[in-house]
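These notes concern the structure reproduced below.
Residue numbers (the numbering used here): 46 to 229.
Here it is, written out as structure tokens:
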């Protein structure tokens, strides 16, 4: 993502800044593990000054082997479920968390297109994983429409918003926090 890309993606940068401020308020840091977004989430998280207070590191693991080497994703899981799967997304998030000083990690793996579709996994399929200290990983699969840029943008935005949703239950470093949010 170039500076021009960031200018065209204000909603992604806005979501990254909101997550950054929430993390900073809790004294937390985030790590990213990205495949189909190619580092766009890390770029958005570091767009604003002071990002070193909430951004710990990013892993861009586009190939299957890089997922194994850098994040500890199981080769057996990759073979059984495929790179675009919730099982791999969960292992990517967990790997980013355990291989960093972060308290929160997010992971994205998907098929941005225009090629790469497989039976049951059309272009636009993106799997997400979120992991936080002392919590079980959360995963989700979404289907996004549009061209490659639109899929990547939607995936980055969804990953950031999903990470932000993990935080409300956790008090911030000052004792305030957003408090739990429920549907009732």
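Beta carbons are placed, not taken as given, at the ideal position from N, Cα and C, and that holds for glycine. Source: prediction; values computed, not measured.
Which one of the options has the shortest CA to CA distance from residue i?
| i | options | result |
| --- | --- | --- |
| residue 174 | 196, 210, 163 | 210 |
| residue 80 | 66, 92, 118 | 118 |
| residue 169 | 154, 149, 179, 190 | 190 |
Roughly how many whole angstroms lie between the Cα atoms of residue i and residue j?
| i | j | result |
| --- | --- | --- |
| residue 108 | residue 121 | 15 angstroms |
| residue 135 | residue 152 | 7 angstroms |
| residue 114 | residue 137 | 11 angstroms |
| residue 164 | residue 185 | 19 angstroms |
| residue 110 | residue 149 | 23 angstroms |
| residue 49 | residue 55 | With a pLDDT of 46 at residue 49, under the threshold of 50, the predicted position of this residue should be treated as unreliable, though the coordinate-derived value follows. Distance between the alpha carbons of residue 49 and residue 55: 11 angstroms. |
| residue 72 | residue 116 | 24 angstroms |
| residue 123 | residue 166 | 15 angstroms |
Which same chain residues end up closer than 6 angstroms to residue i when comparing Cβ atoms and leaving out the 5 residues on each side of it in sequence?
| i | result |
| --- | --- |
| residue 183 | 175 |
| residue 93 | 62 |
Using C-beta distances below 8 angstroms, list every residue in its chain close to residue i, excluding the 5 sequence neighbours before and after it, in chain order.
| i | result |
| --- | --- |
| residue 69 | 95, 98, 99 |
What does a CB cutoff of less than 7 angstroms around residue i pick up in its chain, not counting 5 residues either side in sequence?
| i | result |
| --- | --- |
| residue 201 | 57, 82, 85, 86, 89 |
Q. At what residue ranges does the region 139-216 contain a whole run of the beta strand (DSSP E), taking only runs of 3 or more?
A. 149-155, 170-177, 183-188
(Q) Check whether the region 142-158 and the region 66-76 are in contact - that is, three or more C-beta pairs closer than 8 angstroms. (A) yes
Q.
I'd like to know if the region 128-137 and the region 57-75 are in contact, where contact means that at least 3 CB-CB pairs between them fall below 8 angstroms.
A. no
Q: Give, in chain order, every unbroken run of the beta strand (DSSP E) that is at least 3 residues long and sits entirely within the region 56-105.
A: 75-79, 100-105
(Q) Contact between the region 84-95 and the region 156-175 is defined here as three or more beta-carbon pairs at a separation below 8 angstroms; is this criterion met? (A) no
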